[in-house]
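Shown next, in structure tokens, is the structure this report addresses.
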């Protein structure tokens with residue numbers, strides 16, 4: 593095998609293996625981050641009009657749906673926490689679980705304490721607690737928008753409500769750990785129905801069914817609630833695939849260059865074969881098959897190596913996190929078989945496409961000129 597053909601094969605192998613392995617890791621990080629976020633956020637949020645008592649038929653539909661795992665009534669507000677002269681802005685979620693396991697994801701992230709119902713208690717993120725210099729059992733002053741409005745309207749000093757810190761959680765998600773507060777509130781008047789499904793992958797289908805069953809609902813999915821994060825993750829994945837595909841593209845150019853040089857070098861031989869009666873299409877097929885063979889070998893080797901690395905990372909943890917960075921010890925893996933198939937197909941097509949220009953030159957070879965040179 594020529595050196596340039598060998599380099600093309602190695603390049604395609606590295607490119608295909610890299611895409612399969614890196615995409616598996618990126619997808620693993622996506623799934624891990626989605627699970628962290630969805631331990632706190634709902635898969636689907638239905639907005640209730642006018643902060644009124646909820647429609648029982650809607651509640652029954654949500655409760656009886658096969659896709660529904662848990663749901664709760666919630667209200668979200670921007671608030672402030674004050675401890676002496678230290679004030680922090682926070683996102684407050686009043687929550688009234690309609691099923692007992694709704695807080696399961698939150699409870700798993702609790703460092704200590706618990707969210708206690710029907711009492712002047714709250715739980716907060718670890719970074720928020722650190723910023724306020726409070727721990728479990730300390731008292732904080734909660735200042736809601738209503739308290740601010742009342743203070744401004746009556747020209748009175750700003751006065752909030754005192755709450756006891758009953759628990760502190762750590763989610764590894766910066767936005768939650770620095771800003772989130774939860775209060776268990778049984779008041780039936782809420783702004784949202786927050787729904788957790790059996791899998792986040794059911795979200796889009798569930799929303800379509802819900803909109804058909806209940807008209808004129810304002811619905812947000814977890815993608816809408818975390819739109820910036822979701823777009824960044826998708827963009828990062830797409831750009832990584834594009835960059836790694838450049839390796840395969842460069843290798844395809846090596847195939848093109850190799851075949852082009854071969855056509856020039858074999859011009860006389862091609863002319864003789866044509867004179868002996870071999871058809872132009874048969875000669876073209878020989879060169880085209882050589883290019884496809886190089887691409888196929890590189891693709892098969894790359895796919896095998898990529899899948900092997902992915903499997904070893906999944907089972908043995910080839911690449912580990914630094915100690916204490918996260919609960920999971922190794923880089924996560926998620927298998928993306930559709931992407932793997934697309935990589936294989938595109939790699940072979942690029943190799944086939946690289947044969948087009950060299951084989952086109954064969955049809956332009958003048959038989960008499962080739963024989964005259966011989």
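Residue numbers (the working numbering): 593 to 966. Built from N, CA and C at the ideal position, the CB exists for glycine as well.
Can you name the start and end residues of the beta strand (DSSP E) that residue i belongs to?
| i | result |
| --- | --- |
| residue 946 | Here residue 946 belongs to no beta strand (DSSP E), and DSSP marks it neither H nor E. |
| residue 672 | 660-675 |
| residue 682 | 678-689 |
| residue 765 | No beta strand (DSSP E) contains residue 765, which DSSP labels as neither H nor E. |
| residue 786 | 784-789 |
Might you give, ordered along the chain, the residues of its own chain that have their beta carbon closer than 8 angstroms to the beta carbon of residue i, omitting 5 neighbours on each side?
| i | result |
| --- | --- |
| residue 653 | 802, 805 and 806 |
| residue 678 | 723, 724 and 725 |
| residue 639 | 783, 784, 809, 810, 811 and 812 |
| residue 829 | 615, 618, 619 and 622 |
Given a cut-off of 8 angstroms, decide if residue j and residue i are closer than it, judged by their beta-carbon atoms.
| i | j | result |
| --- | --- | --- |
| residue 743 | residue 734 | no |
| residue 831 | residue 622 | no |
| residue 724 | residue 675 | yes |
| residue 1047 | residue 697 | Since the displayed the chain opens at 593 and closes at 966, residue 1047 lies outside it and no answer follows. |
| residue 883 | residue 946 | yes |
| residue 763 | residue 717 | yes |
| residue 767 | residue 664 | no |
| residue 848 | residue 949 | yes |
| residue 651 | residue 887 | no |
| residue 758 | residue 707 | yes |
| residue 788 | residue 694 | yes |
| residue 776 | residue 709 | yes |
| residue 778 | residue 688 | yes |
| residue 740 | residue 682 | no |
| residue 939 | residue 594 | no |
DSSP state of residue i, grouped into three classes?
| i | result |
| --- | --- |
| residue 730 | coil |
| residue 700 | helix |
| residue 627 | helix |
| residue 779 | coil |
| residue 820 | helix |
| residue 637 | strand |
| residue 643 | Because residue 643 sits at a pLDDT of 49, beneath the cut-off of 50, its placement in the model cannot be relied upon, and the following sentence gives the value as read from the coordinates. Helix at residue 643. |
| residue 632 | coil |
| residue 753 | strand |
| residue 712 | coil |
| residue 923 | coil |
| residue 605 | helix |
| residue 694 | coil |
Taking 7 angstroms as the cut-off, does the CB of residue i come closer than this to any heavy atom belonging to the ligand MN?
| i | result |
| --- | --- |
| residue 652 | What this structure holds is no ligand at all, so the ligand MN is not there to describe. |
What does a CB cutoff of less than 6 angstroms around residue i pick up in its chain, not counting 5 residues either side in sequence?
| i | result |
| --- | --- |
| residue 897 | 609 |
| residue 668 | 685 |
| residue 922 | 909 and 912 |
Quick one: what's got a C-beta closer than 7 angstroms to residue i's C-beta in the same chain, skipping five residues either side?
| i | result |
| --- | --- |
| residue 833 | 611 and 615 |
| residue 704 | 728, 759 and 760 |
| residue 792 | 626, 630, 635 and 814 |
Quick one: give me the first and last residue of the alpha helix (DSSP H) that residue i is part of.
| i | result |
| --- | --- |
| residue 878 | 872-908 |
At a cut of 8 angstroms, does the region 629-643 reach the region 928-937 through at least three beta carbon pairs? no
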